[in-house]
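A.B. asks: Sending over a structure as structure tokens; questions will come in a sec.
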Amino acid sequence: MRRLMIASLSALLVGCSTVDYDFSDVAPKAQPSTMRSSGGLRFADTDPHEWEGGAPWHYAVHGTDVAKYQADIDWKKVARNDISFAFIKATEGGDIVDDYFARNWRAAKAAGVPRGAYHFYYHCRPAIEQARWFIRNVPRDASALPPVLDMEWTPFSPTCTIRPPAEKVRSEMRIFLNAVERHYGKRPIIYTSIDFFDDNDLSSFKGYPFWLRSVAGHPDDKYSDHPWVFWQYTGTGVIPGIEGKADINVFNGNSRAWKNWLRANAS
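Numbering (numbering that gives the first Met the number 0), first residue to last: 0 to 266.
Encoded structure:
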């Protein structure tokens, strides 16, 4: 998840070119379920990729992920504007809780937005300590989406820029994933980026749902057809209810598949 300072939405729209993703013309042909009586789904992007194939608007179900960098969020407005799910940053390492986690956790649920919590992994701390920290700070909630382990390199961290060997990375990931799954009773989701996925041969993690970041190409192309459930396609989107740049994601399926996935994983 990007760690950029938040500017006002108006400043962004003045200072950057903005493109609207208008689903009313495109989405009905690929996903009729995306249509509403008032028109198609619609998002904007302050720094859009020119999608030549596998465009994200061909997917019916869109969501977001947030952290303290989004500050105060109007979750009711987010819910009214076709955001179907949200992943909320909860913890980082073994001693950091996101400043807005508790507020977002409560408010997203109150607005009717299915939400899950994610942990940003810190390579300088044992995985079991991080799993215990996550468990300590994220309540059990049968209605929540599965927990997420966010695995990325951290070259700009002020305290930890190490890159452990791939075998060590995968071993520590399994420790975290197993501990969290035992506690919450749900198979965790793995979020990652293209470089981290390739550097650590994460294709070897079979049976885990993946949430893949790819802002300049479809994940089937960037991750060699590795199975995925969620795709983060932009970090510069515009979502009513969220000031400044917003991450936007899609679910890999139509509306019916999404409802089935929710019944299996968030109840």
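We treat Cβ as the ideally placed atom computed from N, Cα and C, and that holds for glycine.
1. For A107, which residues from the same chain have a beta carbon less than 7 Å from its beta carbon, with the 5 sequence-adjacent residues on both sides left out?
2. What residues match up with T90 in a beta bridge as DSSP calls it?
3. Could you check the C-alpha separation between A92 and T153 for me, to the nearest Å?
4. Classify E49: buried if its beta carbon has 16 or more other beta carbons within 10 angstroms, exposed otherwise.
5. Run through DSSP, which three-state label would R212 get?
6. Contact between the stretch 192–212 and the stretch 145–160 is defined here as three or more beta-carbon pairs at a separation below 8 Å; is this criterion met?
7. Whole-angstrom Cβ separation of A109 and V137, contact assumed at under 8 Å?
8. Rounded C-beta distance between V179 and I134? I'm assuming under 8 Å.
9. For K185, I'd like the list of residues in its chain whose CB is within less than 6 Å of its CB, leaving aside the five on either flank, ordered along the chain.
10. What residue does the beta strand (DSSP E) around Y232 start on, and which one ends it?
11. Once DSSP output is grouped into helix, strand and coil, what is the label at D73?
12. Using the Cα positions of N103 and I72, report the straight-line distance between them to the nearest angstrom.
13. Are the stretch 159–178 and the stretch 209–226 touching by the rule of at least three beta carbon pairs closer than 8 Å?
14. Specify the secondary structure class of L201 as computed by DSSP and reduced to three states.
15. DSSP beta-bridge partners for D308?
16. Less than 8 Å between the beta carbons of S83 and A265, yes or no?
17. Please confirm whether F196 and Y232 have their CB atoms less than 8 Å apart.
18. Within a Cβ cutoff of 7 Å, which residues of the same chain sit near H182, ignoring the five residues on either side of it in sequence?
19. By DSSP's criteria, I188 is part of a beta bridge. Which residues make up the other side?
20. Name the residue from L176, T235, A256, A126 whose alpha carbon lies nearest to the alpha carbon of G206.
21. Between which two residues does the alpha helix (DSSP H) containing W50 stretch?
22. What did DSSP end up calling A110 once you bin it into helix, strand or coil?
23. Just to check my reading of the structure: D44 and G236 have Cβ atoms closer than 8 Å, yes? What is that Cβ distance to the nearest angstrom?
24. Let's see if you can read the secondary structure: which residues bound the alpha helix (DSSP H) around V179?
25. Would you kindly work out how many angstroms separate the C-alpha atoms of R105 and A245, rounded to a whole number?
C.D. replies: According to the data block:
1. W74, A85, I87, R114
2. Among the bridge pairs identified by DSSP, T90 is matched with V96, H118.
3. In the sequence as presented, Ala is not what sits at residue 92; that position holds Gly. The straight-line gap from Cα to Cα measures roughly 12 Å.
4. exposed
5. strand
6. yes
7. 17 Å between Cβ atoms; not a contact.
8. Indeed they touch by this definition, with Cβ atoms about 7 Å apart.
9. P145
10. Run containing Y232: 229–237, per the beta strand (DSSP E) assignment.
11. In the structure shown, D73 sits in coil (DSSP, three-state: anything other than H, G, I, E or B).
12. Distance between the alpha carbons of N103 and I72 is about 8 Å.
13. no
14. helix
15. Shown here, the chain extends from 0 to 266; a query on residue 308 therefore has no answer.
16. no
17. no
18. I134
19. V147
20. L176
21. Segment: none, W50 is in no alpha helix (DSSP H) and carries neither H nor E.
22. coil
23. The Cβ separation is near 5 Å, so the contact holds.
24. 165–183
25. 20 Å
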